[in-house]
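Enquirer: I am attaching a structure below and will ask some questions about it afterwards.
Structure below.
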C-alpha cells in the first residue's frame, strides 16, 4: 500500500472515530450548556440552528444554585448514603458467597449457582411485585432498609467473585489449612488482597446499580419523604411548567458523579471483569 493510501486510510479511520465521539458527547455537552443558561434561553439558536446553541451564552449558574435551594443537596446525600452502605455490605455478602461456592462442595451447588447467575438476568419488573409484598409484610415501606437490604445480594457480584476465586491456585488454601488457619482468615488474608480488581469492579457495579435505581425507590418509599436522586429528578418536572435549566443541571450532576468514580478506577474495573472471565 502506497504512502498516500495509508494516509487516506488513517485519516478516514480517525474521521469516523471523531464522528462517533461527537454523537456520544453531544447530548452531554448540550445538557451542560443548557444547565449554564437562563431558563428563557434554553432553546434559543436551535431553530434555526446557530453555533451559539452549543455555547453557554449568556453564562449563569442560577440553575445550580436553584436546585440546591430546593433541597437537591439532601437528595444527593441520601443517595450517597444508600449507595455506599449497599456497596460495603454487598462486598461482604457477595464476596463471602463467591468464596463459599469456589471453595466448598455441597449438595445442589451447581443448581444454586445457576439460579444466582440467572437472577441478575431477570428484569427488575419481574420481581417488583413479590418484593414489594415481602417488604410491606416486614413493615419496611418508607424505611431506608427497604432500599438497602434487597440490593445487597447481587447475582453478578457473586459471579465475579466466584469466577476469580476458582482461578486462584487451591494450594494456597490447602497450605494455610495445614497450618491451622481458619477459612475466614484465608479469605481475608489471602483471597481478598489478591482480588482487589474484582472488589473494585463489584463495588462500582453495586454503587451504580443503586445510583441508577428508580422503580424500586419509587415503590418502596411511597411518601417520598426520603428521596433518592433518580426519583428526585421528577420533582423538577412540574405538571404545568418545567424549569429546563434546573432539570439539565440535575441531569449533569447525576451523570457526572458515577463518571467521576469510574474514570480513575477504570483500569481496575476492566481487570476485575477480565479476571472473572468476562470479555468486554
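Residue numbers (this note's numbering): 883 to 1162. Beta carbons: idealized from backbone N, C-alpha and C, even for Gly. Keep in mind it's a predicted model, so treat the numbers as computed, not measured.
Using the C-alpha atoms, what's the distance from residue 1067 back to residue 1057?
Expert: Distance between the alpha carbons of residue 1057 and residue 1067 is about 13 angstroms.
Enquirer: Tell me which residues share the same chain as residue 1150 and place their Cβ nearer than 6 angstroms to its Cβ, disregarding the 5 neighbours each side in the sequence.
Expert: Closer than 6 angstroms at the Cβ level, and outside the excluded window around residue 1150, lie 1079 and 1082.
Enquirer: Taking DSSP as the reference, what is the three-state secondary structure of residue 1049?
Expert: In this structure, residue 1049 counts as coil in the three-state DSSP scheme.
Enquirer: I'd like the list of long-range same chain contacts for residue 1040, defined as Cβ closer than 6 angstroms, with 5 residues on each side in sequence excluded.
Expert: 976, 979, 980 and 998, listed in sequence order.
Enquirer: From residue 1015 to residue 1009, what does the alpha carbon distance come to, in whole angstroms?
Expert: In a straight line, the C-alpha of residue 1015 is about 10 angstroms away from that of residue 1009.
Enquirer: Can you list, in chain order, the stretches of the beta strand (DSSP E) that have 3 or more residues and sit fully within the stretch 957-1036?
Expert: Within the stretch 957-1036, no complete beta strand (DSSP E) run reaches 3 residues.
Enquirer: Under three-state DSSP, which class holds residue 1112?
Expert: Looking at residue 1112 - three-state DSSP - the assignment turns out to be helix.
Enquirer: Could you tell me which residues DSSP puts in a beta bridge with residue 1124?
Expert: Its beta-bridge partners are 1119.
Enquirer: Among residues of its own chain, excluding the 5 on either side of residue 1004, which ones have a beta-carbon nearer than 6 angstroms to its beta-carbon?
Expert: Within the same chain, residue 1004 has no close Cβ partners at all.
Enquirer: Could you pull out every residue in the same chain whose Cβ sits closer than 6 angstroms to the Cβ of residue 948, ignoring the five residues on either side in sequence?
Expert: Counting only Cβ-Cβ distances below 6 angstroms, and skipping sequence neighbours, we find 1128.
Enquirer: Quick check on DSSP: helix, strand or coil for residue 928?
Expert: If DSSP states are grouped into helix, strand and coil, residue 928 belongs with coil.
Enquirer: Hey, how far is the Cα of residue 1160 from the Cα of residue 1152?
Expert: Residue confidence for residue 1160 is low, a pLDDT of 43 falling below 50, so the modelled location carries little weight; the figure read from the coordinates is stated next. When rounded, the distance between both Cα atoms is 9 angstroms.
Enquirer: Residue 1085 lies in the alpha helix (DSSP H); which residues open and close that run?
Expert: 1078-1093 is the extent of the alpha helix (DSSP H) around residue 1085.
Enquirer: Taking the CB atoms as reference points, tell me whether residue 915 and residue 938 lie closer together than 9 angstroms.
Expert: Yes. Within cutoff.
Enquirer: Which of the three DSSP states, helix, strand or coil, is assigned to residue 906?
Expert: Residue 906 falls in the helix class under three-state DSSP.
Enquirer: Closest to residue 1112 by CA distance: which of 1123, 1075, 1125 and 1090 is it?
Expert: Cα-wise, what sits closest to residue 1112 is 1090.
Enquirer: Residue 1115: which of 1101, 1106, 1102 and 1133 sits nearest, CA to CA?
Expert: Answer by Cα proximity: 1133.
Enquirer: Report the residue from 1097, 1021, 1096 and 1036 whose alpha carbon sits nearest the alpha carbon of residue 969.
Expert: Nearest option by C-alpha distance: 1036.
Enquirer: Whose C-beta lies closer than 8 angstroms to the C-beta of residue 934 among residues of the same chain, with five residues either side of it excluded?
Expert: 926 and 927, listed in sequence order.
Enquirer: Would you call the CB atoms of residue 1024 and residue 962 closer than 9 angstroms?
Expert: Taking 9 angstroms as the Cβ cut-off, residue 1024 and residue 962 do not qualify as a contacting pair.
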